[in-house]
Amino acid sequence: MKINNIKLFAIAILVSMTAYNCSDDDDVIVPSGPDFSGTYIQEDQMGRPAVNTVFVSSGTKDAFNTTVPSEQGAAFQSMFQANLEGLSPAYNEPTDANALTLTSAQFTGLLATDVLNVSLDGTTTFYDGTNVLTGRALADDVITVELLLIFGGEDFSENPGLSNDNVDANDKAFLSSFPYLASPW
Amino acid sequence: MKKTKFLIATAILGIATFVAIAADHIDAPAVQGGTSDITDFYAFQGEDAANIAFVANVQGLLGSGSDTQNAAFDENVLIEFNIDTNGDNVEDLVIQATPRDGKMYFFGPVTPSQTGLNSTIATTTPNMASVDITAYGASAIVENANGMKFFAGPRDDPFFMDFAQYGQIIGGNASSFNNPGTDTFAGTNVMSVVVEVPKSMIGSSGTINTWVESKRK
C-alpha cells in the first residue's frame, strides 16, 4: 500500500510537472518584441539652424544643448546679445535694428529660445520675402537669411560682403513627394 | 570705427567662440562626430497640405561610398521630435524614433510621461509604427500607418552653405564671402529620419513650436 501510495504520488507529481511544462510552453509562444525600456538622457537639441553654432560661446555649447527651451532664454540671452554685438557692425549702435525691426536685445531674445515656429495654417518657410519664421522648408536659404538679419542692418543693405554666402541652393534637387530629401551621394 | 570694431571682434571671437560649424553639425564637444549629433531639423507643410513633415538629420559629413555604407543609426539613441501646442516652449506632444534590428520604430504623437531632459519610450501609445531602414543605394522604403508616413535611412545632406569661407572670415583671413560661393556640404550625406503627420494630430491650426532632441540610454 505504501509503495502504491508512493507510485501514485510520483505519478501525480509527473502529471503535474508535465502539465506545468505544457503551460510554460504556452507562455513561450508569446513573441518577445524589441526592448524599449530604460531612461534616455538628452545629449543634443536643435530648433532653428545655426543658433548654437553662431551665438553660443565655445565653453557653453554642451550646456546649451542640455537646457530645456523654456529655460534657455533666461540662461543664454545675455550671452547671445554680447556675441551678436561683438560680431556684427550692423549692431554697432544701441538703436541699431535688423530688417525685422528687432534690436539686439529683441533679436537675441527671440533666438535664445531655440525652437522652430511652424504655422499649421499655410506657407511654411524660414523666410520667403513675405512670411517670416513659419517653418523651415528644405530649399530655404536659411544661412543667407540669418546673415542678412545679423549683418544686413535695417534694410538688408549693410555689410553686403558678409550678408550673403552666395550659395543659394542644395547640390541635389529635392523630391516633390515623401521623403522629400534627395537620395544619398 | 565700425570696421575696426568688427576686426577686433572677429579676432577675439575667432579664437574664443567659433569652433563648431554649420546648421547644427558638430555643434558641441559632447556630441560632435557621434551617433547622437543632430545636424539639422526641418518642419514644413507636406505635399498633402493637411500634413506637416518633420525631418531630423544626424551624423553629418558622411562621404559617398564606404563612409555612408558603414553609417548606422544607434540603438541606444532616441530621436525625439518635440511639439509645443500652447506657446510655453514645453513639449505637449512628442514623436519618438529609435532603431532596433534594421527597423526604425516610431511612437507618437503622444503626450510624454515626463517633459524635459529625460525620456522613456511611449510603448503603450496606439500611434506606433515601424519602417525598414532603407539601405544605402536602395530605393527609399516608406511606411504608412495611422495617416502618417515614415522613412529612415541615408540621404543627401539638404543643408548648403559656404562654411569654409565663413571660417576664413571669422578667423580674420577674409573680409567677405566669395561670389559665387562654394557649398561646403556638396557631395555629403546624413542619416535621416522623416515623419509626416496630419495637422489634426498636432494642433490643427495656429502656430506650434517644435524642436528635436537626441537622447542616449
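Chains H and C supply the protein sequences, listed in that same order. Each residue of the first sequence is one higher than the last, beginning at 1 in our numbering. Each residue of the second sequence is one higher than the last, beginning at 186 in our numbering. Cβ coordinates follow ideal geometry from the N, Cα and C atoms, glycine included.
When DSSP reads this structure, N242 (chain C) sits in a beta bridge with C:D225 and C:S377. Against chain C, the beta carbon of I150 (chain H) has no neighbour under 8 Å; the closest one sits roughly 12 Å away. Rounded to the nearest whole angstrom, the CA to CA distance from L133 (chain H) to S32 (chain H) is 45 Å. The beta carbon of V68 (chain H) falls within 9 Å of a beta carbon belonging to chain C, placing the residue at that interface. Taking the Cβ atoms as the reference, T108 (chain H) lies roughly 11 Å from Q72 (chain H), outside the contact range of under 8 Å.
Against chain C, the CB of A169 (chain H) has a partner CB under 9 Å away; the residue lies at that interface. Note that the stretch 346 to 353 of chain C touches the stretch 363 to 380 of chain C; at least 3 beta-carbon pairs, one per stretch, sit closer than 8 Å. For I150 (chain H), the enclosing alpha helix (DSSP H) has its first and last residue at V142 to F151.
Taking the C-beta atoms as reference points, E146 (chain H) is found nearer than 9 Å to V54 (chain H).
When the Cα atoms are used, A330 (chain C) and V379 (chain C) turn out to be separated by approximately 14 Å. Q281 (chain C) sits buried, since 16 or more C-beta atoms from the chains shown fall within 10 Å of its C-beta. Interface with chain H (9 Å Cβ-Cβ cutoff): I318 (chain C) is excluded. Rounded to whole angstroms, A325 (chain C) and E154 (chain H) show a C-alpha spacing of 44 Å. In the DSSP assignment, A330 (chain C) falls within the beta strand (DSSP E) that extends over E328 to A330.
Contact between the stretch 225 to 235 of chain C and the stretch 60 to 79 of chain H is absent: fewer than three C-beta pairs spanning the two stretches fall below 8 Å.
In its chain, beyond the 5 residues on either side, N170, F174, Y180 and L181 have a beta carbon closer than 8 Å to the beta carbon of L138 (chain H). Between T253 (chain C) and A97 (chain H), the alpha-carbon positions lie close to 43 Å from each other. With 16 or more neighbouring CB atoms inside 10 Å of its own CB, D222 (chain C) falls in the buried class.
Put simply, of H:T124, H:D168 and H:L87 the residue whose alpha carbon is nearest the alpha carbon of G152 (chain H) is H:L87.
The beta strand (DSSP E) runs of length 3 or more contained entirely in the stretch 337 to 398 of chain C are, from start to end of the chain, 374 to 383. Of all C-beta pairs linking the stretch 390 to 398 of chain C to the stretch 358 to 368 of chain C, fewer than three are shorter than 8 Å, placing the two stretches out of contact. DSSP places D252 (chain C) inside the alpha helix (DSSP H), whose first and last residues are S251 to Q254.
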